[in-house]
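Keeping their order, the protein sequence lines are chains A and B.
So in the working numbering, spot 26 of the first sequence is number 26, and the numbers just go up one at a time.
Just so we're on the same page, the working numbering is the position in the second sequence counted from 1, plus 1000.
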Amino acid sequence: MRSGDVIRGYRIVSEPTNSGGGRCVWAFAERDRRRYFIKRFLDPKRPKSGSAASVRLRLQACEEFERRHQAIMARLRPDAVGGGNLVLAFDFFHDGASYYKVTERIDAVRTPQPRSLTPGEKAVLLRTLAFSLGLLHSIDMVHGDLKPGNVLIVKKRQGAFYTAKLIDFDDAYMSGRPPASEDIAGDLVYGAPEWRRYVQGDEEMRPEWLTTRADIFALGLLAHHYLTGTLPGFGDRFGSPADAVNAGVALRVDDRLDEPMKRLLGAMTARSPGARPGIATFLQTLKNPAVCELRSRYATSPGSRVRISVRTKENQP
Amino acid sequence: MTSVDEYRGNLRYAVDIVLCIDVTESMAPVLETVKKSALTFHERLSMVMRQKGKEISRLRLKVIAFRDFGDFAEDAIEETDFLVFPDQADEFDGFVRRLRPSGGGDEPESGLEALALAIDAPWERGLDRRRHVIVMFTDASAHPLRSPQAVSAHTYPQHLPQDMDGLFEQWGYAKSQTAVMENSAKRLVIFAPDAFPWTDITEEWNMTLHFPSTAGHGLEELELDEIIDTIANSL
């Protein structure tokens, strides 16, 4: 795939790149004056030659790959309520040895700083993200790689709300039926405690524990990130939030957050998947935008123009 | 779920990278850029990982410098072991700084032999997750594996596969029984012209990326950033 190539009628209009793309190369494309995002998968490849056994094995992998993608495309409809914030595939095909997927092109903006958003704007951003994830969960599908890189922030016009579009379901799997531990996707920072145990080959860890609640853990971290600009605290001796949680150490949720939000994020990042609330609870809590407020660490005495700095855990030396 | 007493420690990630570098005469205009990229690779990768709040538990780099067995057997391949960073950074730096463009004879070089040696390298099999990356830098096409002139060289590694099909089977694919590389861990990044065998490899081998180059033009900064980004985003 090169800039200028035409693949199944899609003209490639940017230099293909692997940036942020994991197991694919992607570019922008045009067809019939419409703009698209196209990705070429690095794996699997359709066999062109080789021994009969080799060709058979590779064709099997291709057929499994096609079935999985077509099943996702069939179950996720863009006309579902909230489906507009899922970036779904328009086209999926192979050309030569490679598979391609085409989606609409999204013109994303930089993630806004939390301090630049009102509580209402934050609530809309988080609710659009949760609606999309909820659609996946409603068909019992785990996104499996929820992280900032897989959330596009969109602002359609000046003065409009920021909304979130969820992308990249290529590593999605059915709840409780994850891929093998060496193949499962996931992110070192946003991975859930049970995902890490699965990847580490913990013999006590059962695959069926990897469910939609793994996404809830990541959504809790993402929500904290969008509300405060940082992840919850997890201490220097741990490599990630999940490592801390697996060691029995609760994450430090920013104490400037509203109490209901602190409780919600604490529950979403619980060690036990069963203790984490579902998307419905998240959406219910966000119905009140005030929960997205980030209180100042500075308290101002009523009637006074003097600002008093209050010492908190975070700002102590 | 088991108790927290069974906490198994932080997730540990191993990253192994083999840099296959064409050091024939024609690489003279770009070799310094490639060397600079190799020398700064560790620091740049570490910086990007830090920015993403991620940490590599064990990073190793290996260099395979190649020319042409058919031209001059003695220096057709020069290589390091896998060197652990940052402990063996000095050894890595010393090897890379000593690389000089010379020889090569006719235009196809022994790039496939270098790639075969990289595939057969002693990749890390431990830790919790692994990323194994081969990066090929060349401005030339390659001789077919085991060309008669090359095989007659007394330094030729006789254990290499018989042909491209054999090499492909060693590279492997999902559920392959013959692969020597771990399918989910591996990546092959090729900076090479649109020529045999690089174009075919990119088309038919999985987990392979090709950044086409032309003679006299080298590795752009943006492309090195892509390799680093590829690694950092896939962890």
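Glycine is no exception: its CB is placed at the ideal position from the N, C-alpha and C atoms.
Indicate the three-state DSSP secondary structure (helix, strand or coil) for D1005(B) in the structure shown.
-> Bear in mind that a pLDDT of 42 at D1005(B), under 50, signals an unreliable position, so the number given afterwards is only what the model happens to contain. DSSP, read as helix, strand or coil, puts D1005(B) in helix.
DSSP-derived helix/strand/coil call for I1190(B) | Residue state, collapsed to three classes: strand.
Quick one: what's G233(A) bridged to in DSSP?
-> The partner list for G233(A) (beta bridge, DSSP) reads R252(A).
Grouping DSSP H, G and I as helix and E and B as strand, with all else coil, what is I1227(B)?
-> In this structure, I1227(B) counts as helix in the three-state DSSP scheme.
Have a look at N288(A), A290(A), P289(A), L283(A) and flag the residue whose alpha-carbon is nearest the alpha-carbon of S132(A).
-> Shortest Cα-Cα distance from S132(A) to any of N288(A), A290(A), P289(A), L283(A) involves L283(A).
In terms of residues, what are the limits of the beta strand (DSSP E) holding I38(A)?
-> First-last of the beta strand (DSSP E) with I38(A): 34 to 41.
Give a yes or no on whether 8 Å exceeds the smallest Cβ distance from D1044(B) to chain A.
-> What sits at residue 1044(B) in the sequence shown is Arg, not Asp. No - not a single Cβ of chain A is within 8 Å of the one on R1044(B).
Have a look at the DSSP bridge pairing and note the partners of L1083(B).
-> According to DSSP, which records beta bridges pairwise, L1083(B) is partnered with L1061(B).
Rounded separation between G220(A) and A74(A) - CA only | Roughly 28 Å separates the two Cα atoms.
With respect to 7 Å, is the separation between the Cβ of C62(A) and the closest non-hydrogen atom of the ligand HEM below this value?
-> Looking at this structure, you won't find the ligand HEM or any other ligand, since it has none at all.
List the residues of chain A whose Cβ lies closer than 8 Å to the Cβ of K1175(B), in chain order.
-> By Cβ distance, chain A contributes L57, Q60, A61.
Return the bridge partner residues of L86(A) from the DSSP annotation.
-> According to DSSP, which records beta bridges pairwise, L86(A) is partnered with L166(A).
What is the DSSP secondary structure of T1033(B), reduced to helix, strand or coil?
-> The three-state reading of DSSP puts T1033(B) in helix, counting H, G and I together.
So, do the segment 1009 to 1026 of chain B and the segment 287 to 295 of chain A have three or more beta carbon pairs nearer to each other than 8 Å?
-> Using a C-beta cut-off of 8 Å, the segment 1009 to 1026 of chain B makes no contact with the segment 287 to 295 of chain A, since fewer than three inter-stretch Cβ pairs fall below that distance.
Of all the CB atoms in chain B, is at least one closer than 8 Å to the CB of A97(A)?
-> Closer than 8 Å to some Cβ of chain B, the Cβ of A97(A) qualifies, so yes.
Pick from Y198(A), L146(A), L210(A) that is closest to M174(A), judged by C-alpha positions = Comparing Cα positions, the closest option is L210(A).
Beta carbon proximity, V25(A) to chain B, threshold 8 Å = Yes, V25(A) lies at the interface with chain B (some Cβ there is under 8 Å from its Cβ).
When you compare only the Cα positions, how much space is there between A1246(B) and P44(A)?
-> Because chain B here runs from 1001 to 1235, residue 1246(B) falls outside it and cannot be looked at.
When DSSP builds the beta bridges, which residues end up paired with S98(A)?
-> Beta-bridge partners of S98(A) (DSSP): D95(A).
Taking DSSP as the reference, what is the three-state secondary structure of K209(A)?
-> Note that residue 209(A) corresponds to Trp in the displayed sequence, not to Lys. In the structure shown, the three-state DSSP call for W209(A) is helix.
Who are the near neighbours of E1025(B) in its chain, counting only those whose CB is closer than 8 Å to its CB and skipping five residues on each side?
-> Result list for E1025(B): P1101, S1102, G1103, G1104, in chain order.
Out of K1035(B), R1012(B), A1076(B), V1015(B), point me to the one whose CA is closest to L1224(B)'s CA.
-> Out of K1035(B), R1012(B), A1076(B), V1015(B), K1035(B) has the C-alpha closest to the C-alpha of L1224(B).
Applying a beta-carbon distance threshold of less than 8 Å, which residues of chain B neighbour N18(A)?
-> Residues of chain B passing the Cβ test: L1209, E1226, D1229, T1230.
For R58(A), does the three-state DSSP call read helix, strand or coil?
-> Helix.
Of the residues A1089(B), P1197(B), A1232(B), the one placed nearest D1165(B), counting alpha carbons only = Ranked by how close their Cα comes to the Cα of D1165(B), the residues A1089(B), P1197(B), A1232(B) have P1197(B) in first place.
Would you kindly check if the distance between the Cβ of A223(A) and the Cβ of I153(A) is under 8 Å?
-> No.
Whole-Å CB distance - F1095(B) paired with R1060(B), under 8 Å assumed | Contact doesn't hold; Cβ gap of about 14 Å is too wide.
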